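Heads up, the thing below is written out as structure tokens.
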Amino acid sequence: MAIRISAFARQTPRAALTLLLAGSLFAMPAANAQSQGGGSGGAMGGASSMSKEDQQELKQAQQKVRDLRQQIGQIQQKAMKNNPDLQKKQEDLKGLVKEKMKSKGQNPDEDLSRMKEIRKKLSGNKDLPKGERQKLMQEFQKTAQSFQQAQKSVMKDPEVQEARDEFRSDLMAAMKEENPKVEQMIKDMEQARKEFQQLMQERFSGGKGGGK
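Here the working numbering is used: the first residue of the sequence shown is 800, the next is one more, and so on.
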């Protein structure tokens, strides 16, 4: 039984909350991990050494995080849909980030377009030669890394931070209008994420049975 560890679950509470509330500024496509024939990385490799009970416990803890994230995400989507002003602020924020990225020599639109093109080739052509598939995966990863680093850099810009914080505050207020319990749900999600990470550390540092 494979335990897939999402990037979201590995985030710090502050980073995870920021990501959830503001959303990914740009819908960056994900390359198919199976295209490399490599699964999901190191954490999955150690899952086979655990007992079925430990694996099931991990899966349940991870599912709890996913369920809460999905519920909060649905509230967020509803808040955005019902507030045109928020939609505009989000687009303005995207535009600002793009301009800042361009000023640093990055071309976000071109990079996103290329990543989508690579993803389409990888997922839509099962007969693609292994060498070409690996070459495309390497290009995707290099482009994605460069894009993420540039976006992370501009998010430190004072003008971007101010716009992001204003958007996040307005979004949170709108989400509370949709569901007054959303703040508690976010706290519950953070707690569930911490518990999941703790289980991960116990199981993978202690081997079978972990260190209960």
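Ideal Cβ placement from N, Cα and C applies to all residues, glycine included. Being a predicted model, the structure only gives us computed values, none of them experimental.
The way I'd put it, the segment 867 to 885 doesn't touch the segment 917 to 928; fewer than three beta-carbon pairs between them come closer than 8 angstroms. In the DSSP annotation of this structure, Asp926 is not part of any alpha helix (DSSP H), being labelled neither H nor E. When DSSP states are grouped into helix, strand and coil, Met849 belongs to the coil group. Between the segment 916 to 923 and the segment 846 to 863 there are fewer than three inter-stretch CB-CB distances shorter than 8 angstroms, so the stretches are not counted as touching. In terms of Cα proximity to Gln875, the closest of Met988, Gln1000 and Ala972 is Ala972.
Contact between Val981 and Met974 holds: their C-beta atoms lie close to 5 angstroms from each other, under 8 angstroms. Ranked by Cα distance from Ser912, the options Ala943, Gly904, Glu856 and Met999 are led by Ala943.
Contact check for Leu885 against Leu970 passes: the beta carbons are separated by less than 7 angstroms. Of the residues assessed, Gln905 falls on the buried side of the cut-off, its CB having 16 or more other CB atoms within 10 angstroms. Straight through space, the alpha carbons of Lys897 and Glu890 are spaced by roughly 10 angstroms. By the criterion of a C-beta distance shorter than 8 angstroms, Ser945 is surrounded in its chain by Gln905 and Asp910, once the five residues flanking it on both sides are discounted. In this structure, Met900 places its C-beta atom within 7 angstroms of the C-beta atom of Pro907.
The Cβ atoms of Ala962 and Leu892 lie closer than 7 angstroms to each other. No residue range can be given for Asp956, since it is assigned to no alpha helix (DSSP H) and is classified by DSSP as neither H nor E. In the three-state reduction of the DSSP assignment, Pro883 falls in the helix class, which pools H, G and I.
In this structure, the straight-line span from the alpha carbon of Gln996 to that of Asp853 is close to 14 angstroms. In the three-state reduction of the DSSP assignment, Gly930 falls in the helix class.
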